[in-house]
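*Asks:* Per this note's numbering, the sequence shown runs over residues 18 to 315.
Ideal placement from N, C-alpha and C gives every residue a C-beta, glycine not left out.
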Amino acid sequence: MGIRLGDNQYGKAEVRLVHVNRDTDVHRIKDVNVTSQLRGELETVHTLGDNSTCLPTDTQKNTVYAKAREWGGVGAVEDFALRLARHFVDEHEYVHGARQEVHEYSWERIQTSSGPHDHAFSRKGAETRTTVVTKTGDREWVVSGFEGLSVLKSTGSEFHGYPKTRYTTLPETTDRILATDVTARWRYVGVEHDFDSTYSSVRALCLDAFARTHSLALQQTLYEMGRAVLEAHPEIAEIRFSMPNNHHFLVDLSPFGLDNPNEVFFAADRPYGKIEATVERDDAPGPGDAWKTVPGFV
Ligand SMILES: O=c1[nH]c(=O)c2[nH]c(=O)[nH]c2[nH]1
Numbered sequence: 018m019g020i021r022l023g024d025n026q027y028g029k030a031e032v033r034l035v036h037v038n039r040d041t042d043v044h045r046i047k048d049v050n051v052t053s054q055l056r057g058e059l060e061t062v063h064t065l066g067d068n069s070t071c072l073p074t075d076t077q078k079n080t081v082y083a084k085a086r087e088w089g090g091v092g093a094v095e096d097f098a099l100r101l102a103r104h105f106v107d108e109h110e111y112v113h114g115a116r117q118e119v120h121e122y123s124w125e126r127i128q129t130s131s132g133p134h135d136h137a138f139s140r141k142g143a144e145t146r147t148t149v150v151t152k153t154g155d156r157e158w159v160v161s162g163f164e165g166l167s168v169l170k171s172t173g174s175e176f177h178g179y180p181k182t183r184y185t186t187l188p189e190t191t192d193r194i195l196a197t198d199v200t201a202r203w204r205y206v207g208v209e210h211d212f213d214s215t216y217s218s219v220r221a222l223c224l225d226a227f228a229r230t231h232s233l234a235l236q237q238t239l240y241e242m243g244r245a246v247l248e249a250h251p252e253i254a255e256i257r258f259s260m261p262n263n264h265h266f267l268v269d270l271s272p273f274g275l276d277n278p279n280e281v282f283f284a285a286d287r288p289y290g291k292i293e294a295t296v297e298r299d300d301a302p303g304p305g306d307a308w309k310t311v312p313g314f315v
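1) Spatial neighbours of Val-37 within its chain, please: C-beta separation below 6 Å, excluding the five flanking residues on both sides.
2) Give me, in chain order, the residues of the same chain whose beta-carbon lies closer than 6 Å to that of Gln-236; leave out the 5 immediate sequence neighbours on both sides.
3) Which word fits Glu-108, buried or exposed, when buried means at least 16 other C-beta atoms lie within 10 angstroms of its C-beta?
4) Since Val-199 contacts Val-219 with CB under 8 Å, what's their CB separation in whole angstroms?
5) What do you reckon, are the CB atoms on Val-149 and Val-296 nearer than 8 Å?
6) What does the alpha-carbon distance come out to for the pair Thr-153 and Thr-52?
7) Taking 7 Å as the line, does the beta carbon of Phe-176 fall inside it for any heavy atom of ligand 1?
8) Evaluate contact between the region 77 to 94 and the region 58 to 65, counting only Cβ atoms and requiring at least three cross-stretch pairs below 8 Å.
9) Taking the CB atoms as reference points, tell me whether Val-112 and Gly-23 lie closer together than 8 Å.
10) Sort Thr-230, Ser-123, Ala-234 by Cα distance to Asp-213 and report the nearest one.
11) So, helix, strand or coil for Pro-261, using DSSP?
12) Under the rule that 16 or more other beta-carbon atoms within 10 Å means buried, what is Asn-263, buried or exposed?
13) For Thr-186, does the three-state DSSP call read helix, strand or coil?
14) Using only the alpha-carbon positions, how far apart do His-231 and Ser-174 sit?
15) In chain order, what residues of the same chain have a beta carbon less than 8 Å from the beta carbon of Tyr-240, not counting five sequence neighbours either side?
16) Tell me, to the nearest whole angstrom, how far the beta carbon of Phe-227 is from that of Val-315; I am working on the premise that it is less than 8 Å.
What follows is the structure, encoded as structure tokens:
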């Protein structure tokens, strides 16, 4: 019986880094969570405990902090992840590949009664910007996205025309609440982009499509969001979504002698519909290793 080591990678997960830009008295902050993982000559580390090619996870963590200082900040999370990946692969001959995942938490300046504050911030919702950079030898891939973008429409959503079986109880509706928390991940073609501006644009396009699509199904809304993004951004090959259907059920108020003309709802937290799809260009270049270590949805 032969036994051997399969695919592997290792590193430090969730290195929490806050960078304060103090160039002026008006500070700017960047709050990120970095997971650094490396691949390479790690066979004998696993089989013999020979650590001569094992850059400690502690060193990877320290590198994240040191580079934030040496590079004068973090910049776009994609650029930070690419530079880290290049550092690890280019500076250590026994490291052949890297996966650098960065989540960014957004803060906005507090608006005080005497104007915007120089160094006080409040957290901007639960939304997180994400990126995963994969580097294999000289090849690099960037998959970016966001998680936790919560959206709701109080009308403009219908759901009917579905097959009925003996287990169907769901009433057809031409007016319901549509609510979801969007997780999106998109794959870039190439790695030289203005990542900050594309991120803002993709987010805005998703919000716009969600709001403006008169929805006959959450699936249709998802597709319209993806289509809008791909039409506007040739640098994006595909976009994947995972969207819960956060159900809002009309409460029966008749026991209290009241009607309920779509005003009072029970916001259920589970179970929820789980709608996932990829929207892609038919002429996009192949994904290579881009999704190899990114949890897919479908
Ligand atoms: O937009 C929806 N899509 C579904 O697939 C579905 N299924 C369901 O019960 N409600 C909904 N709503």
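*Replies:* According to the structure data:
1) His-44, Ile-46
2) Ile-292
3) exposed
4) Not quite, the Cβ-Cβ distance comes to about 11 Å (not below 8 Å), so this is no contact.
5) no
6) 17 Å
7) yes
8) no
9) no
10) Ser-123
11) strand
12) buried
13) coil
14) 6 Å
15) Ala-294, Val-296
16) About 20 Å; that fails the 8 Å criterion.
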